[in-house]
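Undergrad:
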Ligand code: M6R
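In the numbering used here, the protein residues as written are -2 to 604.
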């Protein structure tokens, strides 16, 4: 995830401080780095692709004069990782520099308008439009604050930006909308940053900038005002007593828990995906003779859920395949009419890339869904879409799973629309529900987390677990099982519930915990039967159930509730959240480190 930093000093040079602060933001993940300072009326910049140490070795990041400056670690969202796409970005005159974390949704329109007025662009980023808009505003004799204010009023999307200009060389103007921004206050220095660890060794006095606020940093300190009415805001610094390790996790004890809590934000991001990429993917899917959904682990579970979405909404039959089996199972059958949609958070999983290579050799069309722009998958796919979850540090995939589901459901919806398979009214209702999912997820984490903690205490010593679901929920059941076994080392089985009586039920004895994922959809009636079967054999039933489903609640020993009214095909997004939290708290109860499960790597690059 991009990291921004800026500082105004009374003495000394800003560059070494920016360099050190960017090093402290490295944990967020990045592919390129850059900085800009102002010295004797000139704007000076340095940037490069690669790790900070590599860029420093080539360009010496400390050797820029000037007491004021901004810096950035870039994690590509628009435009591949490269020197030219690295921040800071500047205007035509080279007098304004901007660093940005977030996504500008309407950048294509704004860029077109700016080009028509004669602006020239160097990069493929969404960010570069910002200095050019500010340039125009400054030409209208606005102050820097007024210019930034007017510029951000034209931006849709999410952003934390920091701006410097030679026109007012003693100031950094920064603004926050959704993307994080904090201010650090030291005796002779002020800082702005994406995250507290950036300045924690320099000061533990921090001011959290709220959404829709603009902040001016200068040698006099900081001033906050609201974008909406320009009114000034008084906010005193708070003392941060986190140690550096806690600070990286924003106060959460583990990255996994932080990432579970980030899901509303990440899903909101995926709802902002560029229309043209989704449209292109949909066109390929629509024309395909057959579609394979290929992935490993959690990404495979997203594919499995997607196969229900494509079938139910767009009436497209797809084959979800575990990537390591693809060559053996379908290698000879795949052909020029096939589309292979490869789903991989990292874009580097060897088994997935192997399947993709096989498909390419047989002239199939390869599409990609990944979290990492610049990954191998983005280079080999005919078209790809980035799921915009930002880096995931925990080995267990959580936020990247729900983002994948959100992208795949958007693709299924578009395809349904294109094929005229679902009425306009239904499409609109589904789109409306999809927009509500981030809030629903936020609410359910808030209401269910404490209960899940207690549940983990109750079941911590159980030897083995069952996860059962029907229809699209069988994918959620599989994912809940994977989370529990990979981080809490609890042996667990997962099946489509209907299959349980064809063998697995033999394991059931009194007290055996069976987790049912049972939304009130078309499968409810039959899953009720499966619950009864398990109950009759003495199983302990834990149901993830719709609020108000008294029938299932009365059969369950324990239940976790999900808000009602969710369409079936979107249900895996909220229904998997309690399972992620259950796995996390089980790991804690069993004394396991959820961020570093044994024998596992974040990216599996061997076959
Ligand atoms: O990067 P990918 O999505 O291709 O990774 C696939 C699997 O290795 C990954 O989902 C793995 O199963 C996770 N540890 C699950 O939490």
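Even for Gly, the Cβ is constructed at its ideal location relative to N, Cα and C.
#1: Flag residue 473 as yes when its Cβ comes closer than 7 Å to any non-hydrogen atom of the ligand M6R, and as no otherwise.
#2: Identify the residues that DSSP records as bridge partners of residue 191: which are they?
#3: Going by Cα to Cα distance, which pick from 396, 266, 88 and 362 is closest to residue 299?
#4: Are residue 160 and residue 264 close, meaning C-beta to C-beta below 8 Å?
#5: Report the residue from 53, 226 and 508 whose alpha carbon sits nearest the alpha carbon of residue 460.
#6: For residue 194, tell me which candidate among 239, 513 and 591 has the shortest Cα-Cα distance.
#7: Does the separation of the CB atoms of residue 181 and residue 199 fall below 8 Å?
#8: Compute the Euclidean distance between the alpha carbons of residue 432 and residue 254, then round it to the nearest angstrom.
#9: Which residue wins for smallest C-alpha separation from residue 89, given the options 40, 566 and 328?
#10: Kindly identify the DSSP beta-bridge partner or partners of residue 98.
#11: Grouping DSSP H, G and I as helix and E and B as strand, with all else coil, what is residue 358?
#12: Smallest Cα separation from residue 582: which of 519, 599, 521 and 477?
#13: Spatial neighbours of residue 482 within its chain, please: C-beta separation below 8 Å, excluding the five flanking residues on both sides.
#14: Just to confirm the assignment: which complete alpha helix (DSSP H) runs, minimum length 4, are found wholly within the region 246 to 288?
#15: Compute the minimum distance between the beta carbon of residue 342 and the heavy atoms of the ligand M6R, and state whether it is under 7 Å.
#16: Considering only heavy atoms of the ligand M6R, does any lie closer than 7 Å to the CB of residue 371?
#17: From 558, 516 and 511, pick the residue whose C-alpha is nearest to that of residue 440; which is it?
#18: Is there contact here, the region 302 to 320 with the region 407 to 420, by at least three beta-carbon pairs under 8 Å?
#19: Quick one: any contact between the region 274 to 285 and the region 376 to 393, if contact means 3 or more CB pairs under 8 Å?
#20: Looking at C-alpha atoms only, which residue of 135, 579 and 364 is the closest neighbour of residue 480?
#21: Would you check if there are 3 or more beta carbon pairs closer than 8 Å linking the region 9 to 29 to the region 77 to 88?
#22: For residue 21, does the count of other Cβ atoms within 10 angstroms reach 16, so buried, or fall short, so exposed?
#23: First and last residue of the alpha helix (DSSP H) that includes residue 129?
#24: Which of the three DSSP states, helix, strand or coil, is assigned to residue 379?
#25: With distances taken between CB atoms, is the gap from residue 539 to residue 512 smaller than 8 Å?
#26: Measuring CA to CA, which of 228, 235, 406 and 64 is closest to residue 166?
#27: Quick one: is residue 516 buried, meaning 16 or more other Cβ sit within 10 Å of its Cβ, or exposed?
#28: Specify the secondary structure class of residue 323 as computed by DSSP and reduced to three states.
#29: Ignore the nearest five residues each way along the sequence and tell me which others in residue 426's own chain have a CB closer than 8 Å to its CB.
#30: Contact between the region 339 to 346 and the region 285 to 296 is defined here as three or more beta-carbon pairs at a separation below 8 Å; is this criterion met?
#31: Using a Cβ-based criterion (distance less than 7 Å to any ligand heavy atom), does residue 26 qualify as near the ligand M6R?
#32: For residue 284, which option in 269, 335 and 206 has the closest C-alpha, if you only look at C-alpha atoms?
#33: Mind checking which residues open and close the alpha helix (DSSP H) that includes residue 530?
#34: Taking DSSP as the reference, what is the three-state secondary structure of residue 81?
TA: On the basis of the coordinates in this document:
#1: Of the heavy atoms belonging to the ligand M6R, none sits nearer than 7 Å to the Cβ of residue 473.
#2: In the DSSP output, where bridge partners are listed per residue, residue 191 has none listed.
#3: Checking every option, the nearest Cα to that of residue 299 belongs to 396.
#4: It is not a contact, given that the beta carbons lie outside the stated cut-off.
#5: When each option's Cα is compared against that of residue 460, the closest is 508.
#6: Comparing Cα positions, the closest option is 239.
#7: The answer is yes: Cβ separation under 8 Å.
#8: One C-alpha to the other measures close to 24 Å.
#9: By alpha-carbon distance to residue 89, the top candidate from 40, 566 and 328 is 40.
#10: DSSP output for residue 98 lists 157 as bridge partner(s).
#11: Residue 358: helix per DSSP, three-state reduction.
#12: The alpha carbon of residue 582 has as its nearest neighbour, out of 519, 599, 521 and 477, the alpha carbon of 477.
#13: Answer for residue 482: 488 and 489, listed in chain order.
#14: Segments of the alpha helix (DSSP H) lying fully in the region 246 to 288: 252 to 258, 260 to 267 and 272 to 284.
#15: The ligand M6R approaches residue 342 closely enough that one of its heavy atoms is under 7 Å from the residue's Cβ.
#16: Because no heavy atom of the ligand M6R lies under 7 Å away, the Cβ of residue 371 does not count as near it: no.
#17: Nearest option by C-alpha distance: 558.
#18: Enough Cβ pairs lie closer than 8 Å, so yes.
#19: At 8 Å Cβ cutoff, the stretches touch.
#20: If we check each option's Cα against that of residue 480, 579 comes out closest.
#21: Yes: the two stretches touch, three or more of their Cβ pairs being nearer than 8 Å.
#22: With a threshold of 16 other beta carbon atoms within 10 Å, residue 21 meets it and is buried.
#23: Following the DSSP letters along the chain, one finds residue 129 inside the alpha helix (DSSP H) bounded by residues 126 to 136.
#24: Correct three-state label for residue 379: coil.
#25: Yes; because the gap between Cβ atoms is below 8 Å, this pair is in contact.
#26: For residue 166, the nearest C-alpha among the options comes from 64.
#27: Result: buried.
#28: If DSSP states are grouped into helix, strand and coil, residue 323 belongs with the helices.
#29: Cβ within range, chain order: 564.
#30: Counting C-beta pairs with one atom in each stretch, the region 339 to 346 and the region 285 to 296 have three or more that are closer than 8 Å, which means they touch.
#31: Outside the cutoff, so no.
#32: Closest in C-alpha terms to residue 284, from the list 269, 335 and 206, comes 335.
#33: Residues 521 to 533.
#34: Three-state result, residue 81: coil.
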